[in-house]
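Everything below concerns the one structure shown next.
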Amino acid sequence: MDLFFALFPEKWPDWLRVALSAGIPAVLLLTFMAVGPIVYVYAERKIAGFMQDRLGPTRVGPYGLLQTVADAIKLMFKEAIYPTGVDKKLFLIAPCLVVLGAFLAMVVIPFGERSQVADLNVGLFYVIAVSSLSTVGLIMAGWASNNKYALFGAMRSAAQIVSYEIPAVMILLGIVMMVGSLSLQDIVIFQEGGLTHWLLFRYFPIMPLAFVIFFTAGLAECNRTPFDIPEAESELVAGFHTEYSGFFFAMFFMAEYTEMFVISSVASVLFLGGYWSPLPNHILQHIGPIGLGPLWLIAKAWFLVFVMMWLRWTLPRLRVDQLMYVAWKVLLPISMVLVVVIGGLIMIPATRNGFPWDRWVGWPLTALVFGALIAWMAGARLSKKRRVQDLAA
Amino acid sequence: MTPESLGWRASDLDTDEMILNMGPQHPSTHGVLRLELRTDGEVVRAARPHIGYLHRCFEKHAEAVDYPGVIPYTDRMDYVASMGNSLGYALAVEAMLKIEVSPYVQTIRVIMAELQRIASHCVAVGTYGMDIGAFTPFLHLLRDREKILDLYEWTCGARLLYNYNWVGGVSHDLPEGFIKACRQFLREFEAMTYPELIDLLLKNKIFIKRTANIGVCPVEVAISYDLTGPNLRGSGPPRDLRKDAPYSGYENYEFQVCVGKGEFGPLGSCFDRNWVRTVEMAESAKIVHQALDRLEKMERTDVREKVPKRVKPPKSEIYSRSEAPRGQLGYYIVADGTGVNPYRVKVKSPCFTAMSVFHVLSRGMYIADIIALIGSLDVVLGEIDR
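From first to last, the protein sequence lines are chains A and F. The opening position of the first sequence corresponds to residue 1 in our numbering, with each subsequent residue numbered one higher. The opening position of the second sequence corresponds to residue 1 in our numbering, with each subsequent residue numbered one higher.
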């Protein structure tokens, strides 16, 4: 925000400069968030196609790029149907709330040292608070729809999101203790200096575990497989948005994908060094007027979004009771132990900022993960090619 | 502020069980099954299946057409596995007329029936994965089913309802190059799809957790409700008509009768039924391999040489059964000896008996388990309602 504030000439009145410097990033962010789902849905379809040995969209535009645009336009022009007996007010407010909850969290995500809409000193707390807002929207949608399946979906989503927020917050507690601040900007600055300084690689075996727990809880919070029971299409038809059509349905869709991005970017801010490049000494960092920070953050977040899609097309869905079991009897105890352990380690001066082996453990591990990923993908491509050749022969 | 201060009393609250209608337009009831669930939260207290949405009067229709004319109707019963239906009917009428088809035709029929078994189980296992929430195996399996349907289309021109097994023969001979193409398909299936399916779905921990402990059907229940096919074999007894009462020369093939093992939970669970189907695909592929070998050595005969000009059996009645992909498919046919139409055709449908055990197995389940149970019984509503 201060970035824009300095851009405007000083003779302009202050209120105008403030309004513009708040408005411009808001518009930029909103555009990014609103157009984002179009990209994610296209990516999801293509990734699904790749994993399922089919092509995905190919017809509309080059490589089917315009397919999601066409779908979005179709949804906008479709009639929004109000079924008999819906609570019309709640029925209308619900999708707005869900979208709002997903969008609001973006305000505090730091895209760069100075590219952040608002650096709240309670940033992390704010993220947790507003992301719970969408739960209210989901329950409203389920209740207002006057449909038993929607009601089931709403009940499930309430139970699920409330349960999974607790282990996630426990993990956040550990991070807050390490950094000593709730501000997301401070948390990112704490991780300055390349990959080995990322929180993911501090206290080596401990923080990766914390990351897995946080990511799992994040998956549950944005209703993605294997935790997509609120909208489990084979059980509840479409769960809480069974009765929605037209643009309201599109809003739920948008909220889901935006939430994926939000969770992923929060995870990257907390564990993957936020907007810092993985290389030491600020290599590939300060290029251009605002630096490459936003690109790094988006790249990290999109990688996590890809992992979410990957999981969705691989794993089956858990049952309600199993879901609760995972949250309360697996994730929560582990995360509580982690909080205590991290707190203890911080108290000892020798391990104040991490174990001694943290300095070198990050690099080989990252190389290993990406190497395996690339090897798998290349292998899949190769075997597909061979199969096509076999078929032709 | 308490509920009481607002004038509400606890006794006003509705604490009844909720009646949830699942289907007939629900995505996972495998067609037009309607389930009436009495639910207490997520727990199902009682489930009552309602059938009949796909009733097309097959048995009455059969009385109005001549014997070969019934075959297209039989195709429409279990539309996921048409080949098995028409084979069963053709066998029944042939037994009435005392026609013995040539080994060549028998081998073709075995190939077609076993390919159909693979194709049918592809749908069963694939949609079962989808019921549990895994989408990808479904598309992998449908890809392979399409290859089988391509082979069928090449042979007889149809992809779903074939009218292929005629009384006294089959409608078309196998086309040139069928054996090679079929071997190619089997190679791909055995090398890629089958191991991938096992890795992706059946060894998945979540899948096992979701299926291995639910819908347990003890062997006594299975027998008393007359379950057949993979549903019965999932509970343990290795009963398979292809071994027990071989027809169409099944006694010449080497294959195993797959049974549930109860590896991850009690015997007879949803996992076991699904496991039986999966393993049966590999066994069917084995049979097709052997049949193709036999076919290569065999002399070609006219596939329609035994097809009678006019089917008019003497006054008699017959009950003939065969092992369709979903279990024992029985045809009871009565001929009055006067007309060219059957006097009565009654079908003993394996899906119907499988559905009859549903209310026993579904007691006290979660809603999500109901879906898993329907999928594991693998019912096709076209055959239940007929």
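Glycine is no exception: its CB is placed at the ideal position from the N, C-alpha and C atoms.
So, residue i versus residue j, is the Cβ gap smaller than 8 Å?
i	j	result
proline 95 (chain A)	phenylalanine 303 (chain A)	no
aspartate 369 (chain F)	glycine 215 (chain F)	yes
isoleucine 374 (chain F)	proline 316 (chain A)	no
isoleucine 148 (chain F)	leucine 115 (chain F)	yes
arginine 143 (chain F)	serine 284 (chain F)	no
threonine 366 (chain A)	leucine 195 (chain A)	yes
tyrosine 203 (chain A)	leucine 345 (chain A)	yes
isoleucine 171 (chain A)	alanine 220 (chain A)	no
valine 101 (chain F)	lysine 309 (chain F)	no
proline 230 (chain A)	arginine 319 (chain A)	no
glycine 382 (chain F)	glycine 23 (chain F)	no
leucine 161 (chain F)	aspartate 385 (chain F)	no
proline 167 (chain A)	leucine 331 (chain A)	yes
alanine 255 (chain A)	serine 134 (chain A)	yes
Applying the 10 Å Cβ sphere with the 16-neighbour rule, what's the burial state of residue i?
i	result
phenylalanine 227 (chain A)	buried
arginine 240 (chain A)	The residue you asked about is not arginine; residue 240 (chain A) is phenylalanine in the sequence shown. Result: buried.
glycine 153 (chain A)	buried
cysteine 217 (chain F)	buried
asparagine 165 (chain F)	buried
lysine 74 (chain A)	exposed
arginine 312 (chain A)	buried
valine 123 (chain F)	buried
leucine 30 (chain A)	exposed
glutamine 185 (chain A)	buried
valine 360 (chain F)	exposed
glutamate 94 (chain F)	buried
lysine 209 (chain F)	buried
threonine 389 (chain F)	Only positions 1 to 386 of chain F appear in the structure, and residue 389 (chain F) is not among them; the question remains open.
lysine 46 (chain A)	buried
arginine 145 (chain F)	buried
phenylalanine 103 (chain A)	buried
leucine 151 (chain F)	buried
tryptophan 12 (chain A)	exposed
Is any beta-carbon of chain A found at less than 8 Å from that of residue i?
i	result
lysine 98 (chain F)	no
histidine 140 (chain F)	yes
glutamate 42 (chain F)	yes
alanine 62 (chain F)	no
asparagine 204 (chain F)	yes
alanine 368 (chain F)	yes
arginine 363 (chain F)	no
glycine 143 (chain F)	The identity of residue 143 (chain F) in the sequence shown is arginine, whereas the question assumes glycine. Cβ-Cβ to chain A under 8 Å: yes for arginine 143 (chain F).
glycine 129 (chain F)	yes
histidine 26 (chain F)	yes
isoleucine 384 (chain F)	no
serine 207 (chain F)	Inspection of the sequence shows that residue 207 (chain F) is occupied by phenylalanine rather than by serine. So, interface residue.
alanine 46 (chain F)	no
threonine 278 (chain F)	no
So that I know if they touch, is there some Cβ in chain F lying closer than 8 Å to that of residue i?
i	result
proline 25 (chain A)	no
glutamate 165 (chain A)	no
threonine 216 (chain A)	no
valine 237 (chain A)	yes
leucine 29 (chain A)	no
aspartate 401 (chain A)	Past the boundaries of the shown model lies residue 401 (chain A); chain A is included only from 1 to 393, so the question cannot be answered.
leucine 315 (chain A)	yes
leucine 318 (chain A)	yes
arginine 54 (chain A)	yes
methionine 51 (chain A)	yes
proline 230 (chain A)	no
serine 268 (chain A)	no
For the putative contact between residue i and residue j, defined by C-beta atoms under 8 Å, what is the C-beta separation to the nearest angstrom?
i	j	result
lysine 346 (chain F)	glutamate 63 (chain F)	Contact doesn't hold; Cβ gap of about 11 Å is too wide.
valine 176 (chain A)	phenylalanine 190 (chain A)	Between phenylalanine 190 (chain A) and valine 176 (chain A) the Cβ distance is about 11 Å, and since that is not below 8 Å, they are no contact.
glycine 84 (chain F)	alanine 324 (chain F)	4 Å
tyrosine 63 (chain A)	methionine 260 (chain A)	Between methionine 260 (chain A) and tyrosine 63 (chain A) the Cβ distance is about 22 Å, and since that is not below 8 Å, they are no contact.
**Request:** Answer yes if the stretch 75-85 of chain F comes into contact with the stretch 100-107 of chain F, meaning at least three C-beta pairs across the two stretches below 8 Å, and no otherwise.
**Result:** No, they do not touch.
**Message:** Count Cβ pairs between the stretch 312-321 of chain F and the stretch 173-187 of chain F that sit closer than 8 Å; are there 3 or more?
**Reply:** Not touching, per the Cβ criterion.
**Prompt:** At a cut of 8 Å, does the stretch 224-239 of chain F reach the stretch 348-355 of chain F through at least three beta carbon pairs?
**Reply:** Counting C-beta pairs with one atom in each stretch, the stretch 224-239 of chain F and the stretch 348-355 of chain F have three or more that are closer than 8 Å, which means they touch.
**Prompt:** Does the stretch 120-128 of chain A come within contact of the stretch 281-291 of chain A, defined as at least 3 CB pairs closer than 8 Å?
**Reply:** Contact annotation: the stretch 120-128 of chain A does not touch the stretch 281-291 of chain A, with fewer than three C-beta pairs closer than 8 Å.
**Message:** Whether or not the stretch 108-120 of chain F and the stretch 282-294 of chain F are in contact is what I'm after, with contact meaning three or more pairs of Cβ atoms, one per stretch, closer than 8 Å; do they touch?
**Reply:** Using a C-beta cut-off of 8 Å, the stretch 282-294 of chain F makes contact with the stretch 108-120 of chain F, since at least three inter-stretch Cβ pairs fall below that distance.
**Message:** Does the structure place the stretch 317-327 of chain A close enough to the stretch 162-172 of chain A that three or more beta carbon pairs sit under 8 Å?
**Reply:** Yes: at least three Cβ pairs fall under 8 Å.
**Three or more C-beta pairs below 8 Å linking the stretch 117-137 of chain F and the stretch 156-173 of chain F** = Cβ pair count under 8 Å is below three, so no.
**Asked** Quick one: any contact between the stretch 289-304 of chain A and the stretch 247-267 of chain A, if contact means 3 or more CB pairs under 8 Å?
**Response** A contact exists between the stretch 289-304 of chain A and the stretch 247-267 of chain A.
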